[in-house]
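Taking it in order: structure first as structure tokens, then the write-up.
Structure follows, in structure tokens:
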């Protein structure tokens, strides 16, 4: 009886998931991005709970875990699917998300490489459509992430430059949250230098 209940529950979960995917009309790559993002958030939460915020050296414990490889795999599979579909905007976003993921793991050089890949693609997209707000928003995020990376590395002038570029776009788009965040970080740099 218990086995039947478990099987029934599992099949209802799969049916719900299939119906949700059908109703939202999600592509396979969107599903992979969603799964990667959720796994990334869960992973970040585990790291936080383990006290990494108090002792950054504890991140070493998590770098070798299978979760890291699984999250990387999901992001890369989603990027590959979007690339095959010639959806450059989503590929750029995928690189941006992967760059942020590596940043959270403190793989700063790898993060920077993916952020620059994303930025290059976003620049190309903006050249083709300079008024697309969604692309401009992604540009602001990419510049912010590069600024954040430089900030962490202690390259304050480079960080301020990227933050300023991001701030200019956020102001143009009326992104109040982005404006507040970037302004706060720029103020922190000013106080340090």
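Numbering (this note's numbering), first residue to last: 7 to 199. For glycine and all other residues, C-beta sits at the position ideal for the given N, C-alpha and C.
Inter-residue spacing [alpha-carbon to alpha-carbon] between residue i and residue j
i, j, result
"residue 4", "residue 90", "Since the first residue of the chain shown is 7 and the last is 199, residue 4 is not available in this structure."
"residue 175", "residue 154", "16 Å"
"residue 184", "residue 134", "25 Å"
"residue 160", "residue 192", "13 Å"
"residue 194", "residue 180", "22 Å"
"residue 106", "residue 178", "24 Å"
"residue 74", "residue 197", "36 Å"
"residue 98", "residue 147", "11 Å"
"residue 37", "residue 136", "29 Å"
"residue 139", "residue 152", "20 Å"
"residue 78", "residue 110", "12 Å"
"residue 96", "residue 85", "7 Å"
"residue 188", "residue 143", "14 Å"
"residue 121", "residue 168", "12 Å"
"residue 81", "residue 199", "37 Å"
"residue 150", "residue 172", "6 Å"
"residue 76", "residue 83", "10 Å"
"residue 112", "residue 141", "27 Å"
"residue 27", "residue 100", "Confidence at residue 27 is low in this model, with a pLDDT of 49, below 50, so the placement of that residue should be treated as unreliable; the coordinate-derived value is given next. Cα to Cα, the separation comes out at about 20 Å."
Unbroken alpha helix (DSSP H) run spanning residue i, endpoints
i, result
"residue 100", "94 to 110"
"residue 129", "114 to 134"
"residue 3", "Because the chain is modelled from 7 through 199, residue 3 falls outside the range shown and cannot be assessed."
"residue 187", "182 to 198"
"residue 178", "162 to 179"
Neighbour-count burial assignment, residue i, 16 or more Cβ in a 10 Å radius
i, result
"residue 103", "buried"
"residue 127", "buried"
"residue 170", "exposed"
"residue 186", "exposed"
"residue 166", "buried"
"residue 35", "buried"
"residue 2", "Given a span of 7 to 199 for the chain in the structure shown, any question on residue 2 remains unanswerable."
"residue 88", "buried"
"residue 182", "exposed"
"residue 92", "exposed"
"residue 163", "exposed"
"residue 190", "exposed"
"residue 59", "Low local confidence applies: a pLDDT of 45 at residue 59 is under 50, so the model's placement there is unreliable, with the coordinate-based value given in what follows. Residue 59 is exposed by the Cβ-count criterion."
Rounded Cβ spacing between residue i and residue j (contact assumed at less than 8 Å)
i, j, result
"residue 125", "residue 158", "That belief does not hold up - the Cβ atoms of residue 125 and residue 158 are roughly 17 Å apart, past 8 Å."
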